[in-house]
Every structure is written in structure tokens, then in C-alpha cells.
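Worksheet for the structure shown next.
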Amino acid sequence: MLLEATDAMLRTLPTLRSAQQAGKQQFQPTAAEQQAGGQQGQPTAMEQQQQQQQAGKDDEPAKWAARAAAKLVGQCWSLLWHAVQLAHGQMQLHRRLSLLQQIPGNAQTSAMAAAAWKLHSTSCRSVHWSIAQGSVGDLSQWDATLRKLGGLVAELLTDERAVQGAMAAHLAALEAIADAQGPAGERQPQLAQQWAVHLAWLATRLEPDMWPPRLSVMLVEAGSFLVQSMAAAVDGNNPAKAPSAELVACLAEAADASAAEAPSAELVLTEWLGAIAGCPRAAYLMLTSGVLAQALAALEAAGGEKQAIQSAADLASKMCDWLPKGSPAAREVYAVDSRLAPLGAAAKEDNLTASELVDFSRILHSDWLPALVAVAAAQQQRREQRPWIQQAQALLDGGLAAATRSCAYLRCANLGGEGGPAAGSGAGSAKCSTCREAWYCGTACSHADWKLGHRRLCKAMAAWHQQQKEAAMQQRAEQLRAEVAGQG
Ligand SMILES: [Zn+2]
Ligand SMILES: [Zn+2]
């Protein structure tokens, strides 16, 4: 299986690194790599590529030995990207086949889910490992692969708690990258865009209750930088005339030419708004920080009105669903929504007139944005009034999600450990002796996690564990009783 081979390859990073530092003359594939290759039968395109690269390096052992660790990590990640792409394609194909032949694909899907989960876990660990080695690499190097892999995990896994555990680890990896990259304002516009989209993507997959405060800060940071770069691009031209194609050209110019295709500003914003529409807390942040208003204004100035109208209309109707019916904020939004709805429909049909565009602009600035701010205030009020018991439940949920992992410490950088889906599967792994729920790959991680917050959760997790145990015992007793009654 390709995902498993890639997982094994990532795990050899520490071995490769030490071999590299020792300046070895000959590069020997490790046992894990040989095993991974052996499972394949026929070498895949990825492995052939890998072998060719190795052959090239064998010709110049000195050069290979001197190569920087960052480059090595980069290569692993680009191979990882191909593997994940292939896995994604395989999944789509499998899905279509099962639809055509009407066969349930459970066995294959669950095998793939386990492999994807394991690889995702290893990838998050390898981010922490690389950063600890001092090779941050390029932000774009991690972005696409991590996101696609996270998407596979979220789509394939059926256990919601395990998905939340994976997403929490994903966020911990993103936080580590952000810390290593320095201030958000100093990033390239294209990277800032990728970053914003990645964060919004993660925000919609992580239960809002489980959002750490850091995610909110990072979202707002990424959002303001995205808007600033859009506004700067618009200012460079004539804002009244600049069509969105020119805006895209400006952004593309500013971005690294060697990077993959430059995403269109409109596409990014639309995707972003779509992600926000699925996540009330993200919307709240965007609204109160004024980022959304600036973004829409920038988009409008750039000539992307139709897109903006459609997005605004979609978001407004979504807002209506979040609010308790009959509340003053809900009535306000309903009123604006009914005025935006026909314009949204016209934008979809692509037959907007000039006067309708002017109408939209007026409604957007005079009615819609103030109404959204009212929604944001109502959301915040509800959040603050939430009883403490619910907040404690959210914390416990987060702790239990982390406990589905083989190492509950979300910043675990131990690449040698098993790191598989099953907690407790790795050599040297041990569980917390108090709660008997959280597993760690070793004492270093258990100490680090205790400091990070497990000490505040351990007691509640122990109570939960006891409760589960008693429920299971009771169920077993009832089963036995039923069996005895059936025999008698
Ligand atoms: Zn660990
Ligand atoms: Zn514990």
C-alpha cells in the first residue's frame, strides 16, 4: 500500500539525517524502506523516481553527504505529495466503482482510512521533528500535502472522536510552522493566501468548542494579511476600472513565480467565505475584526461584484439559520436577507444590471454589514452565557479526542514510534496511570503533555473512564441475564 510505504519513508528521516551528518560514503536504504518496497511487488512510479534519485546520489557521495537537511525533508514531502495525490485518486475511483457495481467497499475503505490516519499522524510528527532539526522549509511545502491528507482522514474515518484528534494534531503542526516562520505580516502574499485558506479549512473541520484561542488569532492574522495584500493590489491599479483579472495578475506577480498556479483572489475569497459560512465562530471573528467588510469592499473595487453578491447572499441566509428565531438580531438579518436574495439569484443567473450592482453596494454597506455585526454580538453573548459545565465538557471532549492517538501529546516529534491509529501500539508506549485513557510514546511526551494541560483534564478523564467501564459491565450483566432467561 502506497500510504504505508510513504509512512515508512517518513519514519526513516531521523536515520537518514544521522547518516547524512556522519558523512557516510554509501547510502544504504534502511530496513523499514526495504520492507516497504518489498510489500509493493512491482515498484511504483514514486519508488522508481526515488531509486533514480538515490542512484544519482551514489555517484557523488560527498555531495550527498553535504546536502542540507532541509532539502532532504523537502524531497520526502514532495514524494509524500505524490502518494497522497494517488491515494486521493484511488479513493475517488474506488467510490465510483462501488457506485457502478453496487458493491459495499467497507474492507478496502477502512484499510485505507487506517493507513491515511497513520500517515497523517506521522506527517504531523515529522513537521515537529523537522522544526526541531532547524529545517523549517518552505511553508508551501507542507501546505498542500497536509491539507489533502487531512481531507482524506476527515472523509474516510467514521469515528468522529478520532477525526477531532487528528484535526487537533493538524492544528498543533500548523501552529509550530507559524511559530517557526515568524510574523504573519512578513510572508509572501501567495503564502499568506494559502495559509488563510488552510486555516479556514481546518476551522470548519474542528468542532468549534474545541478551538484553542490560538486558532482564532491565527485566522484573524491570516485574514487581515490576505485583505491587505488584495487591497494593495487594487490600489496599484485604478480601483474603479481594475477588473478581477488584473487583481489576480497583481497577486500572481507578487507571489513566488516558481510556486504552483497562482490562486485567483476571487476563488480564494469565495472558498474562504464558503468555509466561514459553515463555521459560526469563524464568521464571528471575521465580522468583529472588520476583515470581512474590508474583503468585500476590496473585491467590489476589483470588479468581482457578482461573486461578492453571491457570497454575501449565501452567507446572509446561513446567518439566519444560526440565530434563535424571533431574536432582534435575527429579525434584522431576515430583513436584509430578503432584500439580498433576489440579487443573489440574479448574480447566479449572471444577468445583473448596473443599477442592481449599485443597489447591492448600498445594501451591503448600509444594512448588511451592521446586521452582521449585530449577529456577531448576539453570538458572543450566547457564548459568554454558556454554563461552565458546557465549557468543561468541551475541554473533556478535546482531551478524549487527543487520547485516540498513539501519543496524546499533540506536539509529539517522535518519528521512530509506531504512531498508528491504535493507541498503545508502539514500542515503549504507556498510558497515564491516573486516567487510564491517554497514551504516550514515552515519558518525555507524557511530561510535556501534563504541563500543556493534561493535569487540568486528567481527573475528568478518569471519571469518564470509570463511567464507561461501569456501563460496559452493566451491559454484559444484562446480556448474561437475557441468555439465562432464554435458556430457562
Ligand atoms: Zn510522543
Ligand atoms: Zn491522565
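Be aware that the sequence shown starts at 1, since it is given in full-length UniProt numbering, and climbs by one per residue.
A virtual CB, placed ideally from N, CA and C, is assigned to each residue, including glycine.
*To the nearest whole angstrom, what separates the beta carbons of residue 458 and residue 432, a pair I think is in contact under 8 angstroms?*
Start at 1 with the first residue of the sequence shown, and residue 458 comes out as number 458. Start at 1 with the first residue of the sequence shown, and residue 432 comes out as number 432. Confirmed, about 6 angstroms.
_If I follow the unbroken alpha helix (DSSP H) through residue 413, where does it start and stop?_
If you number the sequence shown from 1, residue 413 lands on position 413. First-last for residue 413: undefined, no H or E at that position.
_Distance between beta carbons of residue 142 and residue 127, contact taken as under 8 angstroms_ = Numbered from its first residue, the sequence shown carries residue 127 at position 127. Numbered from its first residue, the sequence shown carries residue 142 at position 142. Their Cβ separation, rounded to whole angstroms, is 6 angstroms, which keeps residue 127 and residue 142 in contact under 8 angstroms.
*To which residues of the same chain is residue 80 closer than 6 angstroms at the C-beta, ignoring the five residues directly before and after it?*
On the sequence shown, residue 80 is found 80 positions in, with the first residue counted as 1. These residues qualify, in order along the chain: 6, 145.
*Assigned exposure category for residue 444 - 16 Cβ within 10 Å defines buried*: On the sequence shown, position 444 is the one that residue 444 refers to. Exposed, since its Cβ has fewer than 16 Cβ neighbours within 10 Å.
*For residue 490, which beta-bridge partners are listed by DSSP?*
As shown, the chain starts at 1 and ends at 488. That puts residue 490 outside it, with no answer to give.
*So what does DSSP say about residue 409, is it helix, strand or coil?*
Here residue 409 is taken as the residue at index 409 of the sequence shown, counted from 1. Assignment of residue 409 by DSSP, reduced to helix, strand and coil, places it in the coil class.
*Have a look at residue 487 and residue 405 and give me their C-alpha separation to the nearest angstrom.*
Looking up residue 487 in the sequence shown gives position 487. Looking up residue 405 in the sequence shown gives position 405. For residue 487 and residue 405, the distance between alpha carbons rounds to 42 angstroms.
*Contacting residues, own chain, Cβ-Cβ under 6 angstroms from residue 396 (five flanking each side not counted)*: Translated into the one-based positions of the sequence shown, residue 396 becomes position 396. Excluding positions up to five away in sequence, the list reads 460.
*For residue 155, name the three-state secondary structure that DSSP assigns.*
Against the sequence shown, residue 155 aligns to sequence position 155. Residue state, collapsed to three classes: helix.
*Check each candidate in 385, 119, 401, 206 and name the one with the smallest Cα separation from residue 8.*
Working through the sequence shown from its first residue, we reach residue 8 at position 8. The candidate whose alpha carbon is nearest that of residue 8 is 119.
*Within 10 angstroms of the Cβ of residue 306, are there 16 or more other Cβ atoms? Answer buried if so, exposed if not.*
The sequence position of residue 306 within the sequence shown is 306, counting from 1. Looking at its Cβ environment, which holds 16 or more other Cβ atoms inside 10 Å, residue 306 is buried.
*Tell whether a beta-carbon distance below 8 angstroms holds between residue 165 and residue 377.*
Locating residue 165 in the sequence shown gives position 165, where the first residue counts as 1. Locating residue 377 in the sequence shown gives position 377, where the first residue counts as 1. Taking 8 angstroms as the Cβ cut-off, residue 165 and residue 377 do not qualify as a contacting pair.
*Can we count residue 412 as close to ligand 1, meaning its CB is less than 7 angstroms from some heavy atom?*
The count along the sequence shown starts at 1 and reaches residue 412 at position 412. For ligand 1, at least one heavy atom lies less than 7 angstroms from the Cβ of residue 412.
*Secondary structure, alpha helix (DSSP H): runs of 4+ residues fully inside the region 324-363*: With a minimum length of 4 residues, the unbroken runs of alpha helix (DSSP H) contained wholly in the region 324-363 fall at 328-349, 354-363.
_Below 8 angstroms, how does it come out for the region 166-173 and the region 198-215: are there three or more Cβ pairs, yes or no?_
yes
*Can you name the start and end residues of the alpha helix (DSSP H) that residue 465 belongs to?*
Position 465 of the sequence shown, counted from the start, is the residue given in the question as residue 465. Note, residue 465: alpha helix (DSSP H), 455-487.
_Three-state secondary structure assigned by DSSP to residue 403_ = Numbered from its first residue, the sequence shown carries residue 403 at position 403. Coil at residue 403, not helix or strand.
*asked:* Please tell me whether, using a cut-off of 7 angstroms, the distance from the CB of residue 399 to the nearest non-hydrogen atom of ligand 1 is below it.
replied: Sequence index remark: in the sequence shown, residue 399 carries index 399 (1-based). Remark: the C-beta of residue 399 is outside contact range of ligand 1, defined as less than 7 angstroms to any heavy atom.
*Inter-residue Cα distance where the pair is residue 309 and residue 357*: For the purposes of this step, residue 309 is taken as the residue at position 309 of the sequence shown. For the purposes of this step, residue 357 is taken as the residue at position 357 of the sequence shown. For residue 309 and residue 357, the distance between alpha carbons rounds to 9 angstroms.
_If you measure from each CB to the nearest heavy atom of ligand 2 and keep those under 6 angstroms, what residues do you get, in chain order?_
Result (chain order): 432, 434, 435, 438, 454, 458, 461.
_Helix, strand or coil, according to DSSP, for residue 206 in the structure here?_
Within the sequence shown, numbered from 1, the residue matching residue 206 stands at position 206. Correct three-state label for residue 206: coil.
*Given that a residue counts as buried once 16 or more other Cβ atoms are within 10 Å of its Cβ, and exposed if not, what is residue 177?*
Here residue 177 corresponds to residue number 177 of the sequence shown, with the count starting at 1. The residue in question, residue 177, is buried, as its Cβ has 16 or more Cβ neighbours within 10 Å.
_Where residue 182 sits in the DSSP three-state scheme_ = Here the question's residue 182 lines up with position 182 in the sequence shown. Of the three classes helix, strand and coil, the one that applies to residue 182 here is coil, per DSSP.
*Confirm the yes/no value for this check: CB of residue 124, any heavy atom of ligand 1, distance under 7 angstroms.*
Along the sequence shown, read from residue 1 onward, the residue named residue 124 stands at position 124. For ligand 1, not one heavy atom lies less than 7 angstroms from the Cβ of residue 124.
*asked:* With distance defined between alpha-carbon atoms, name the residue in 428, 390, 463 nearest to residue 434.
replied: Looking up residue 434 in the sequence shown gives position 434. When only C-alpha atoms are compared, the closest one is 463.
*Exposed or buried, residue 93, counting other C-beta atoms within 10 Å across all chains shown (16 or more means buried)?*
By 1-based counting over the sequence shown, the position of residue 93 is 93. When all chains shown are included, residue 93 counts as exposed.
*Distance cut-off 7 angstroms: residue 165 Cβ against heavy atoms of ligand 1*: Indexing the sequence shown from 1 puts residue 165 at position 165. Because no heavy atom of ligand 1 lies under 7 angstroms away, the Cβ of residue 165 does not count as near it: no.
_residue 403 and residue 437 closer than 8 angstroms at C-beta_ = The residue labelled residue 403 in the question sits at position 403 within the sequence shown. The residue labelled residue 437 in the question sits at position 437 within the sequence shown. Going by C-beta atoms, residue 403 is nearer than 8 angstroms to residue 437.
*Just confirm the distance between the C-beta atoms of residue 113 and residue 156, as a whole number of angstroms; I'd bet it's less than 8 angstroms.*
On the sequence shown, residue 113 is found 113 positions in, with the first residue counted as 1. On the sequence shown, residue 156 is found 156 positions in, with the first residue counted as 1. The Cβ separation is near 4 angstroms, so the contact holds.
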